[in-house]
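See below for the structure under consideration.
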Amino acid sequence: MKFMMTNRNKDDIDSWANMEIGFLTETERDFIVNVLKRDEKLKLLEQKRIINLKCELRDVRRRGAKRADLTYSSHVCERCNASTKHLKNKSVRCQVCRHKICDNCQRSSFEGISICIVCYKESSIKTKTGEWFYDAMRAELKPMADGCTLLKQAVIRTSKPNSPTPKFHTPEILCTQASSSSHSSQRQELISCGSMESLSSSLETPSPQKVGNLFPETGSIESLRSLRYMSNRESYFSDSDHSVTSLPITKGHRARTSLSHSPQSSPSLFDTSLSKPEASSLAHQSIPSDDFSRASAYFPDHSTTHDNESLGSRHKGQSTVKKKFLAASGKLQAHRILSRSVPSLVNFNESESSQDKSTPGSAKTKFAKKHKNSLSVSSMEMFGKIIPEEVARSTGEIKFSLDFEYKTNTLVIFIAGCRNLIYVGKHCEPYVKCYLLPDRTTKKKTSARKNTTFPIFDQEIKYSVTMDELCNRVLEMSVWNAATFSRNSFLGHLQIPFNTWKWTPQSVAHWYPLKALSSVNSLHTSSTYKGDILIAVCYEAPKTQGFGDVHVMVKHAKNLIPVLPNGTVNAYVKVSLLPGKESRKKTVVVEGGNDPVWNVTFRLPLNRKVEQSGVQVTVWHKSSGTKPPELLGGIRLVSKLVAYMTSPTAEEELFWNQVCDSPGLWIDKSVGLRALL
Amino acid sequence: MSNGTDQLNNTEYDYLIKFLALGDSGVGKTSFLFQYTDGSFESKFVTTVGIDFREKRVSYKPSGVDSSRAQRVHLQLWDTAGQERFRSLTTAFFRDAMGFFLFFDLANEQSFLNIRNWLDQLKQHSYCETPDIILCGNKCDLDDMRVVSEERARECAETYGLPYLETSAATGHNVNKAVSMLLDLVMKRMEEVVDKTLLPAQYGGGGKTELQGANETEESKSSGCAC
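Residue numbers (our numbering), protein chains in the order written: chain A, -19 to 657; chain B, 178 to 404.
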């Protein structure tokens, strides 16, 4: 009577990775796909919520951080620096971090143990994000993918090549499962850099069967998970809680530098993240990837200070938060940030002496919600591209006018002033900083106004630039608080793409809303003309066996967007097969000018039917020194069949279909480059 | 879903808690969840295809603590197919559930006997060796068809150390109680886990880890069960 079920042992768990759903009928499969989609919707919601939670945690941590510019006597709360001499305000030690705390900063854990406000927040976030569940999970299960992921993979595997493959849009929720809540930032370091390594290694040896190729997010999640798992085992790292800077970070640092050694690795990471179709589904909260480089580079002088700051006195420094946040904000963003954070991390390791002065005047600030508004630099970096709408709301206004003097080729920005700036500290000293993006050497600033959130500047900032060039540029104006003894903090910004700007003969200054983090960003890249590339493609049908070859001749590019101050680029082209970015080829770097000529032919051996493959051509700017290359634009020649992982434009699809339909013939075309989302 | 899809689409909740219902085919897992989320009952039997889930927002007030405000909980209730052919598919979902409803049909002897097997499955595939489970004897409204007595079911539940409830998806008897009971268990567990990770010293060696170890050896020895 009693039927026996097969007892799976731990080895069998591995076989789960290949869940078989071949027995399902078409309707059943559709039903399940529908369930998975609903689940993804919920996951997206959850991810949004978790990001907000992580922001709160970061704020509490930041406010509770010990500050190196203050001395902590024995009668002072180590969280808020209040005196504990009075009878009313007795000091206790937090049972977790051993900080001495005052009554105000004291909370009790679930079991009734006295802990400080930071540790309390940490534990509460752990419960609310669901991290506790991952903590409680058996070690052997941790590296596994969850049921939905496995099922998704199975659905993809069993889907017939001609039937439309169900699309899954949502990025996996990393936070609850993959992001850790460890006590040490080291683990985060390991995870984050590890996932980067594993991602790049999966890029080096891609296989068509690899699920990661079909579902990029899945792959990276798994790698994240497994790395998390591994790092758990390397517990000796976590034991050295108080020597944050020593071993692990060096390790992480090394890992990164080794990555950045080969010129391909960084861009390819970047590239992968670009290829994800999810990016577009995230569009309402994310800004095109291309912009990320800019976003992170907006504040080049601050990104390093931020990293340093976490090396300050608190061992659970912001670096942890940052890394956590990376995990939280979805691997898409995480990889982008990681791939871009290479240079800043180099400094990270070297200047350990810097201090945590991140909270000017906020030591005693109540944990009011409005604090969110004064987004600091680090939060901008942390957010990467995912910005909850509530956070990215307006933070005051700026009044300015734009004029262009054709005679002298000068752009005149008249900055009248700002109003309603939101600043939590005591004395706000705002100033305005301008860039003509993408060139980040164009920084110009107004002087700072003292003790006001309604500053009047009445200053002109001039740029010598031609109108033609200006049309490809974006004016970035950001308002900052100039702090005398601490890091300048970010108050708000806005961006103006000149290609859509309506010039008026005698312009009058108007008020424009500032954003904490702008969604304006997304506007200009998608609309901006990025130049053209002229390529010829020929499909050579297989002679005996295999799938044949694709020959790609990269001829030249036209009107590339200038990156260097002199208005030129050092461009090279990367060609790879889709999906999976196989057989990557690179041209030489052509220095100078905006119309580089290569005239190189590459042979790409196909590993699947030509209709099911595609070619991706990306144009890069090779930066000097250690800076990672910058993506100038790209094209994806691919048909709709594989469109679930890459989305071609109509032009690109037509091109590829022509190639497929005429084996042996060279198809020659000039294609408009795009930001590749 | 009738209980306001709009309400389910905002991030105004504090916890996302995932439960999973399992048990033999036809014991009433889907009906139970349907009764819980929608408050209605469909007597027609429709077999679940592999996996499905339902959602509901509830507020949770921790028992014993009066002062704290009620927590808003978003429940994701996974429904699994009881049929053997979906087994490989459904067990993969065990890992991500924080608590379980193990169902049997009070009018079906075999479904009761299979509890043991389901528990074995859970032990292997769920996130920990001793997850929070509520044993539910469903269809308690069908008194005249009952074959499993309450005493027998309670005895069995005791052997496994599970809380037992007689439920009815048709009448709604004990449906809310079962969910809130499990929610209570899971929230408690959550707090324990967090405190444990936060304060390893206070818990070191003792507490959960040891308990789990003990259970493991004990359970691996006892292979057969009388029930």
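Idealized CB from N, CA, C, for every residue including glycine.
Checklist entry - In chain order, which continuous runs of the alpha helix (DSSP H) of length 4 or greater are located wholly inside the region 435 to 461 of chain A? => result 447 to 450
Item to check | Euclidean distance between Cα positions of Val13 (chain A) and Met322 (chain B) | outcome: On the first sequence, residue 13 (chain A) is found 33 positions in, with the first residue counted as 1. On the second sequence, residue 322 (chain B) is found 145 positions in, with the first residue counted as 1. Those two C-alpha atoms are separated by around 38 Å.
Checklist entry - In chain B, what lies closer than 9 Å to Lys106 (chain A) by C-beta? => result Translated into positions along the first sequence, residue 106 (chain A) becomes position 126. Those are Met367, Val370, Val371, Thr374 and Leu375, listed as they occur along chain B.
Checklist entry - Can you find a C-beta in chain B that's less than 8 Å from the C-beta of Val72 (chain A)? => result Here residue 72 (chain A) corresponds to residue number 92 of the first sequence, with the count starting at 1. So, not an interface residue.
Checklist entry - Are three or more beta carbon pairs between the region 408 to 416 of chain A and the region 424 to 437 of chain A nearer than 8 Å? => result yes
Item to check | Span of the alpha helix (DSSP H) around Thr224 (chain B) | outcome: The residue you call residue 224 (chain B) lines up with position 47 of the second sequence. Run containing Thr224 (chain B): none; DSSP gives neither H nor E here.
Next on the checklist: On the criterion of 16 or more Cβ atoms from any shown chain inside 10 Å, does Lys195 (chain B) qualify as buried, or is it exposed?
Outcome noted: Position 18 of the second sequence, counted from the first residue, corresponds to residue 195 (chain B). Lys195 (chain B) comes out buried.
Next on the checklist: 8 Å is my cut-off, CB to CB: does Leu360 (chain B) come that close to chain A?
Outcome noted: Position 183 of the second sequence, counted from the first residue, corresponds to residue 360 (chain B). No - not a single Cβ of chain A is within 8 Å of the one on Leu360 (chain B).
Checklist entry - For Leu319 (chain B), is the classification buried or exposed, using 16 other Cβ atoms within 10 angstroms of its Cβ as the cut-off for buried? => result The residue labelled residue 319 (chain B) in the question sits at position 142 within the second sequence. Exposed, since its Cβ has fewer than 16 Cβ neighbours within 10 Å.
Checklist entry - Is the CB of Val15 (chain A) under 8 Å away from at least one CB in chain B? => result One-based indexing of the first sequence puts residue 15 (chain A) at position 35. It does: the Cβ of Val15 (chain A) has a partner Cβ on chain B nearer than 8 Å.
Next on the checklist: Closest to Ser236 (chain B) by C-alpha separation, out of B:Gly200, B:Gln287 and B:Tyr190, would be which residue?
Outcome noted: Within the second sequence, the letter at position 59 stands for residue 236 (chain B). Of the candidates B:Gly200, B:Gln287 and B:Tyr190, the one whose C-alpha sits nearest the C-alpha of Ser236 (chain B) is B:Tyr190.
Next on the checklist: Starting from Lys21 (chain A), trace the alpha helix (DSSP H) in both directions and tell me its first and last residue.
Outcome noted: Position 41 of the first sequence, counting from 1, holds the residue named residue 21 (chain A). Start and end: Glu6 to Gly44.
Checklist entry - For the 8 Å Cβ check, are there 3 or more pairs between the region 441 to 451 of chain A and the region 379 to 399 of chain A? => result yes
Checklist entry - How would you list, in chain order, the residues of chain B whose beta-carbon sits under 7 Å from the beta-carbon of Cys99 (chain A)? => result To locate residue 99 (chain A), count along the first sequence from 1; it is residue 119. Per Cβ cutoff of 7 Å: Leu375.
Checklist entry - Where DSSP assigns a beta bridge to Met533 (chain A), which residues make up the other side? => result As a first step, residue 533 (chain A) must be located in the first sequence, where it is residue number 553. Answer is A:Ala516 and A:Thr581.
Checklist entry - Any heavy atom of the ligand ATP closer than 7 Å to the Cβ of Leu584 (chain A)? => result The ligand ATP is absent from the structure shown, which contains no ligand whatsoever.
Checklist entry - Using the C-alpha atoms, what's the distance from Asp372 (chain B) back to Lys495 (chain A)? => result In the first sequence, residue 495 (chain A) corresponds to position 515, counting from 1. In the second sequence, residue 372 (chain B) corresponds to position 195, counting from 1. Looking at the two C-alpha atoms, the distance is approximately 39 Å.
Item to check | Segment limits, beta strand (DSSP E) that includes Glu343 (chain B) | outcome: As a position in the second sequence, residue 343 (chain B) is number 166, starting the count at 1. Counting along the chain, the beta strand (DSSP E) containing Glu343 (chain B) begins and ends at Tyr341 to Glu343.
Next on the checklist: With a threshold of 8 Å between beta-carbons, can Ile1 (chain A) be considered close to chain B, or not?
Outcome noted: Counting from 1 along the first sequence, the entry for residue 1 (chain A) is found at position 21. Yes, because at least one Cβ of chain B sits closer than 8 Å to the Cβ of Ile1 (chain A).
Item to check | For Leu416 (chain A): DSSP bridge partner residues | outcome: Translated into positions along the first sequence, residue 416 (chain A) becomes position 436. Leu416 (chain A) is bridged to A:Asp419 and A:Leu455.
Next on the checklist: Less than 8 Å between the C-beta atoms of Asp273 (chain B) and Ala198 (chain B), yes or no?
Outcome noted: As a working note, residue 273 (chain B) is residue 96 in the second sequence. As a working note, residue 198 (chain B) is residue 21 in the second sequence. Their beta carbons are not under 8 Å apart, which means Asp273 (chain B) does not touch Ala198 (chain B) by this criterion.
Checklist entry - Between the C-alpha atoms of Ser593 (chain A) and Cys640 (chain A), what's the straight-line distance to the nearest angstrom? => result Position 613 of the first sequence holds residue 593 (chain A). Position 660 of the first sequence holds residue 640 (chain A). When rounded, the distance between both Cα atoms is 10 Å.
Item to check | Contacts of Glu232 (chain B) in chain A (Cβ-Cβ under 8 Å) | outcome: Counting from one through the second sequence, the residue named residue 232 (chain B) turns up at place 55. Per Cβ cutoff of 8 Å: Leu22.
Checklist entry - At a CB-CB cut-off below 9 Å, which residues of chain A make contact with Gln260 (chain B)? => result To locate residue 260 (chain B), count along the second sequence from 1; it is residue 83. Per Cβ cutoff of 9 Å: no residues; Gln260 (chain B) is ~11 Å from chain A at best.
Checklist entry - What does Asn285 (chain B) touch in chain A if you count any residue whose Cβ is under 8 Å from its own? => result Here residue 285 (chain B) corresponds to residue number 108 of the second sequence, with the count starting at 1. Chain A residues near Asn285 (chain B): none, gap ~12 Å exceeds 8 Å.
Checklist entry - Residues in the region 297 to 308 of chain B with C-beta within 8 Å of chain A's C-beta atoms, listed in sequence order? => result Asp297, Gln298, Gln301, His302, Tyr304, Cys305 and Glu306
Next on the checklist: Here's the rule I'm using: 16 or more other beta-carbon atoms within 10 Å means buried, otherwise exposed. How should Gly276 (chain B) be labelled?
Outcome noted: Numbered from its first residue, the second sequence carries residue 276 (chain B) at position 99. The residue is buried, with at least 16 neighbouring Cβ atoms inside 10 Å.
Item to check | Cross-chain neighbours of Val226 (chain B) in chain E, by beta carbon under 7 Å | outcome: In the structure shown, chain E cannot be found, because the protein chains are A and B.
Checklist entry - Ordered along the chain, which non-local residues of its own chain (more than five positions away) have a Cβ less than 6 Å from that of Ser220 (chain B)? => result Within the second sequence, the letter at position 43 stands for residue 220 (chain B). Contacts found: none.
Checklist entry - Of all the residues that make up the region 108 to 123 of chain A, which are near chain B by a beta-carbon distance shorter than 8 Å? => result Lys108, Gly110, Trp112, Phe113, Asp115, Ala116, Met117, Arg118 and Leu121
Checklist entry - What three-state label does DSSP hand Cys640 (chain A) in the structure shown? => result Taking the first residue of the first sequence as position 1, residue 640 (chain A) is located at position 660. Cys640 (chain A) falls in the helix class under three-state DSSP.
Checklist entry - Considering Lys554 (chain A), what are the terminal residues of the beta strand (DSSP E) in which it resides? => result Here residue 554 (chain A) refers to the residue found at position 574 when the first sequence is read from its first residue. Here the beta strand (DSSP E) through Lys554 (chain A) covers Asn550 to Leu558.
Checklist entry - Are the CB atoms of Phe280 (chain B) and Gly216 (chain B) nearer to each other than 8 Å? => result By 1-based counting over the second sequence, the position of residue 280 (chain B) is 103. By 1-based counting over the second sequence, the position of residue 216 (chain B) is 39. For Phe280 (chain B) and Gly216 (chain B), no; Cβs fall outside 8 Å.
Next on the checklist: Taking the alpha-carbon of Asn579 (chain A) as reference, which of A:Gln439, A:Lys101, A:Lys132 and A:Ile513 has the nearest alpha-carbon?
Outcome noted: Here residue 579 (chain A) is taken as the residue at index 599 of the first sequence, counted from 1. Nearest C-alpha to Asn579 (chain A): A:Ile513.
Next on the checklist: Give me the subset of the region 28 to 42 of chain A whose CB atoms are less than 8 Å from a CB atom of chain B, sorted by chain position.
Outcome noted: Lys28, Arg29 and Asn32
Checklist entry - So what does DSSP say about Asp126 (chain A), is it helix, strand or coil? => result Residue mapping note: residue 126 (chain A) aligns to position 146 of the first sequence, counting from 1. Three-state result, Asp126 (chain A): coil.
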